[in-house]
């Protein structure tokens, strides 16, 4: 089968011919139609996670994917051959990932795909969608809450904006002027141009009483502390990149944490339901063939890729 893989951490990703995997007990073999690209994919290729990840080489890249079940291992009860599925396929210890024509997933890492959207759309959802859903749940966003989302135009941010607004929250999204109207169509009540001056100053000028929840996808530790100025006493501040300091938050009378995602098949089912009900819009910015993955990963490294990139397989 064709796959995009690396032969060692730090090596350049390249298109290879590799043996087709076989499903073991509790596993499902999927013929992939599309794979979603996430920054974690090139970070894994770089070896950025150190000893925390044990990998077999060649290591097929890619976490997210969607396609059709072609075989099931013993003990699998939730899926049968022919089922359309989506979910997470990265198995570093087995050398497996979603940038391939076939991939094996654990039964609990996938779910039936939404029927109303393409495989390409489904492939863009799993990691970013589950992250956003868990963020909204864990920060208890709901009716009447004011939420500041920093980094709102990215994959997680666009999903979090929609999910928070869908629960009745007032969402303030950071966005360049060219993206402001898009973010409003996704549910943001207003946008803040992060290139026009300090975000905290702009938010407090418009809302002197502050926000209830801060979700920060991008800031370093100093930047995160600066943004906590916008959060009311007793409010919640969350970092997605490990910038939150519990002691500092306590000093400012805030609750908060460094977010760690907890994926599950139940979350995937919820997201598929949102897609079928038309409650979730997926922004696929670029669709490229499998052999274009190395260039797409390089573009993702720059941080300037627009929308989700999906590989058509």
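In the numbering used here, the protein residues as written are 53 to 365. Just so it is clear, CB atoms sit at the ideal spot from N, CA and C, and this is done for glycine as well.
- Residue 312 is classed as exposed because its beta carbon has fewer than 16 other beta carbons within 10 Å across all chains shown.
- Nearest Cα to residue 299 within the set 309, 292 and 252: 309.
- By the criterion of at least three beta-carbon pairs nearer than 8 Å, the segment 183-192 is not in contact with the segment 164-175.
- Taking 8 Å as the cut-off, the beta carbon of residue 96 is found closer than this to the beta carbon of residue 105.
- Judged by DSSP in its simplified three-state form, residue 286 adopts strand.
- Using a C-beta cut-off of 8 Å, the segment 277-293 makes no contact with the segment 128-136, since fewer than three inter-stretch Cβ pairs fall below that distance.
- Excluding residues up to 5 positions away in sequence, 121, 122, 123 and 124 lie with their Cβ nearer than 8 Å to the Cβ of residue 133 in the same chain.
- In this chain, residue 106 is not harboured by any alpha helix (DSSP H), its DSSP state being neither H nor E.
- Nearest Cα to residue 69 within the set 75, 77 and 59: 59.
- Within a 10 Å sphere around the beta-carbon of residue 305 sit fewer than 16 other beta-carbons, which makes this residue exposed.
- Shown here for residue 263: same chain residues with a beta carbon closer than 8 Å to its own, the five before and five after excluded, namely 198, 199, 200, 224, 255, 282, 283, 284 and 287 in chain order.
- Cα atoms of residue 98 and residue 297: separation of roughly 27 Å, rounded to the nearest angstrom.
- If the five residues before and after residue 194 are omitted, its C-beta is found closer than 8 Å to the C-beta atoms of 219, 220 and 221, all from its own chain and listed in chain order.
- Pairing residue 346 with residue 163, the inter-Cα distance amounts to about 28 Å.
- Secondary structure at residue 337: strand, using DSSP grouped into helix, strand and coil.
- By the CB criterion at 8 Å, residue 295 and residue 316 fall outside the cutoff.
- Here residue 269 is not near residue 359, since their CB atoms are 8 Å or more apart.
- Put simply, of 75, 91 and 329 the residue whose alpha carbon is nearest the alpha carbon of residue 355 is 91.
- Collapsing the DSSP output to three states places residue 254 in a helix.
- Here residue 87 is buried, its C-beta having at least 16 other C-beta atoms within 10 Å.
- By the C-beta density criterion, residue 143 is buried, having at least 16 other C-beta atoms within 10 angstroms.
- Of the residues assessed, residue 214 falls on the buried side of the cut-off, its CB having 16 or more other CB atoms within 10 angstroms.
- Residue 365 is positioned such that its CB atom lies closer than 8 Å to that of residue 153.
- In this structure, residue 151 sits near residue 56, with a CB-CB distance shorter than 8 Å.
- Boundaries of the beta strand (DSSP E) harbouring residue 69: 66-69, taken from the DSSP string.
- Per DSSP, residue 310 is one residue of the beta strand (DSSP E) stretching across 307-310.
- Straight through space, the alpha carbons of residue 267 and residue 276 are spaced by roughly 10 Å.
- Going by C-alpha positions, residue 72 is about 29 Å away from residue 353.
- Here residue 99 carries a coil assignment [DSSP, helix/strand/coil].
- Here residue 263 carries a strand assignment [DSSP, helix/strand/coil].
- Residue 246 and residue 259 have their C-alpha atoms roughly 16 Å apart.
- Annotation for residue 101: 95 place their beta carbon closer than 8 Å to its own, counting only its chain and skipping 5 residues before and after.
- Beyond the five residues adjoining it in sequence on each side, residue 338 comes within less than 6 Å, by CB distance, of 361 in the same chain, given in chain order.
- Separation of residue 145 and residue 155 (C-alpha to C-alpha, rounded to the nearest whole angstrom) is 14 Å.
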